[in-house]
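Protein chains in written order, with this note's numbering: chain A, 1 to 350; chain B, 1001 to 1350. Where a beta carbon is used, it is the ideal one built from N, C-alpha and C, also for glycine. Fair warning: this is a prediction, and the values are worked out from it, not measured in the lab. Step one of this worksheet: look at the structure below.
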DNA sequence: CTGTTAGCGCGTTCAT
DNA sequence: ATGAACGCGCTAACAG
């Protein structure tokens, strides 16, 4: 084992015949210290590659420059994009990120929080699991004076800043676009009622229909449990086989839309001529699939950035009672799956 | 700010009228300590929610139970799968994972290593960037006695354990499958020569052709620079427009295969009847696309698990001179894009 | 069985 | 301008 013992302030002091505190201050260019001494110490430190022992510094200062980040699922385009933004931003500000996942299981989330708290992160970024309601495990952070920032999947039970996407508006604009393309019988495959993002999107869908005088049929609204591709496939089948099939389907997320596309293709139903399809999240696969899937971009990278900056801000200001809401605008990405080729169908909306 | 001061051993000792070390030992059920004392201390600690100060413990023991993990790109199905496996396994063993990305830029990788080293991880997991050759920044870890485990994208210049996928064999089996399905003119869209994985896959491809008496035409081998979808599209176009177009295309990765599929669909070339397509990596989208894309599964999750277990092993044994190679078997996933419907085409291989 | 003591590396207050 | 001394919270060698 190679492991050469690291140089400490004590070593420098001994070698240079000065005291430890002088060495310490010299390295920080403390005004009390003589120019000559500073130069001397700095030169020696430089030459022998002195690196302060982070563990000791952290201990002394009671902070680590590490931030915790917990998401429901790591292997997920949106979340990994958020993480990517968070990591890059953290790095720029001298912070590292500890990543963990809950698999949408409360017990796992609590565990993840505990280990993070134990490993002494300076703050926490979290997108809660479907099972999380009260979030007492998150209050533990606040009680220790460690700030928490929620993002994307949030709970209002917790008094922390939240970085979210304007789901309602994103959804509204998506449906409005469908209407503008001439679609009139617009179905929605939504998520679970208890999940805020899903509700917001469903509300945006309904409002858009209402505002444009279209009928809102409950039979055209289907609820996913797991947000899987298969559900999209199955609900699409149900919808298309019903007495009154829709001419467009707005899906809670791109993955579900993939299932929808699959069914339509299998049945040789023309997209978008016969049925338009709109996703949400703008995953990588939305641009790869054929025809391209129109979708709502959630700016995941930016969400990660904003959340980290907010958290660092809280840490610096010892602020744990902040509950600001940062809402990111969405971006409608229009591709082949919704752009009707028949110009006669199109409608100009205000 | 709420921040209630945390209970320390000193507090417990004072309250219970015992010494600090007795309190410390009692909590650890040290054999020297009387049963009664242990009960007493434990009860008090429990009641007042004593939690040892991790920063102090880390400082004392000179370790953090944090592992560093660096990948070229976080938003990437394969890498996020590896990370997922790494995190789950680390958690089970009481370790946290610090994640960073290099964006395939050497300078970023060096930076990431430095901050990780500074934040005192106990060891490092890394999949190097395309630009990394010597890896002196990684040697810094070894010099400090901190073990490093490489995975997937590795360099032989570094004397560390490596967890890799058997690219050669995966590729060989994939091409063999194509041959078995009756394809005879098999092209390969490969990656850069300098990248080991790409070379291994290309070699597997060549060997399979050789072993089955098929011709190896250099014009059927195209080299990607960026491994993007567009390259797949462009090379596919080149291949199909050439005088002697192939009847199957084996792609270095699923993303490239997506470009290939896109071109073929646009030209209404039947898959797999006219041209078979094989990917590599088995991304999520391989099963979503239509027809399903045959691919080679790399067991990313398992790679993450194995790498973490190896690293923890090294840490426990203070072992930094280990250069074991852990090679994971691949798994051929057969889907619609290669399963010829004409049984007459099929060949039985040994 | 338990307490005393020393020290990890660094920052900081208080002398000088 | 510099040094001595203390303490952060915990562990462990040593002493009873």
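Beta strand (DSSP E) segment containing residue 181 of chain A, residue limits: Careful: residue 181 of chain A lies outside any beta strand (DSSP E) and carries neither H nor E.
Chain A contact for residue 1363 of chain B (CB, 9 Å cutoff): Outside the shown range of chain B, which is 1001 to 1350, sits residue 1363 of chain B, and nothing can be said about it.
Residue burial classification, residue 325 of chain A (beta-carbon count within 10 angstroms, cutoff 16): exposed
Cβ-based neighbour list, residue 1072 of chain B, same chain, cut-off 6 Å, excluding 5 preceding and 5 following: 1102, 1104, 1129
Within chain A, the residues that residue 1425 of chain B reaches when beta carbons sit closer than 7 Å: For chain B, the structure presents residues 1001 to 1350; residue 1425 of chain B sits outside this window and is missing.
Test: residue 1148 of chain B CB closer than 9 Å to a CB of chain A: no
Sub-9 Å separation of residue 1205 of chain B and residue 1232 of chain B beta-carbons: no
Burial state of residue 1188 of chain B, where buried means 16 or more other Cβ atoms lie within 10 Å: buried
Cβ contact (3+ pairs, closer than 8 Å) linking the segment 1110 to 1118 of chain B and the segment 1061 to 1072 of chain B: yes
Residue environment, residue 1021 of chain B, which counts as buried when at least 16 other CB atoms sit within 10 Å: exposed
Residue from B/1144, B/1274, B/1315, B/1196 whose Cα sits closest to the Cα of residue 1131 of chain B: B/1196
Local conformation of residue 1002 of chain B per DSSP, three classes: In this prediction, residue 1002 of chain B scores a pLDDT of 40, lower than 50, which makes its location untrustworthy; no coordinate-derived value is stated.
Cβ separation of residue 304 of chain A and residue 86 of chain A, assumed to be a contact under 8 Å, to the nearest whole Å: 4 Å
The segment 59 to 71 of chain A: positions lying closer than 8 Å to chain B by Cβ: 59, 62, 64, 65, 66
Spatially closest choice to residue 1250 of chain B from B/1281, B/1269, B/1242, B/1290, by CA coordinates: B/1281
Residue 1056 of chain B, enclosing alpha helix (DSSP H) - first and last residue: 1054 to 1061
Own chain residues within Cβ distance below 7 Å of residue 1050 of chain B, not counting five before or after: 1007, 1012
CB contact below 9 Å: residue 2 of chain A versus chain B: Its pLDDT being 39, under 50, residue 2 of chain A is placed unreliably by the model, and nothing is read from it.
Nearest to residue 312 of chain A (by Cα), restricted to the options A/121, A/237, A/36: A/121
Beta-carbon contacts of residue 1331 of chain B that lie in its chain and below 6 Å, excluding the five residues immediately before and after: 1297
Residue 329 of chain A to residue 1048 of chain B span [Cα, whole Å]: 46 Å
Residues bridged to residue 251 of chain A [DSSP beta-bridge criterion]: A/189
Residues in the segment 87 to 103 of chain A having any Cβ partner in chain B nearer than 8 Å: 87, 88, 91, 94, 96, 97, 98, 99, 100, 101
Residue 1333 of chain B versus B/1306, B/1279, B/1225, residue with shortest Cα-Cα distance: B/1279
Residue 1280 of chain B (DSSP reduced to helix, strand or coil): coil
Simplified DSSP state of residue 82 of chain A, which is helix, strand or coil: helix
Distance, residue 1258 of chain B Cα to residue 1094 of chain B Cα: 40 Å
Coil, strand or helix - residue 1271 of chain B by DSSP: coil
Helix, strand or coil at residue 353 of chain A [DSSP, three-state]: Lying before the first or after the last residue shown, residue 353 of chain A is absent from chain A, which here runs from 1 to 350.
Three-state class that DSSP yields for residue 305 of chain A in the structure shown: helix
Minimum C-alpha distance to residue 291 of chain A - residue among A/260, A/252, A/171, A/335: A/335
C-beta atoms of residue 1225 of chain B and residue 1201 of chain B nearer than 9 Å: no
Neighbourhood of residue 124 of chain A by C-beta distance below 6 Å, restricted to the same chain and skipping five residues each side: 68, 141, 148
Status (buried if at least 16 other CB within 10 Å, exposed otherwise) for residue 135 of chain A: buried
For residue 207 of chain A, three-class secondary structure by DSSP: helix
Spatially closest choice to residue 1256 of chain B from B/1273, B/1223, B/1241, by CA coordinates: B/1223
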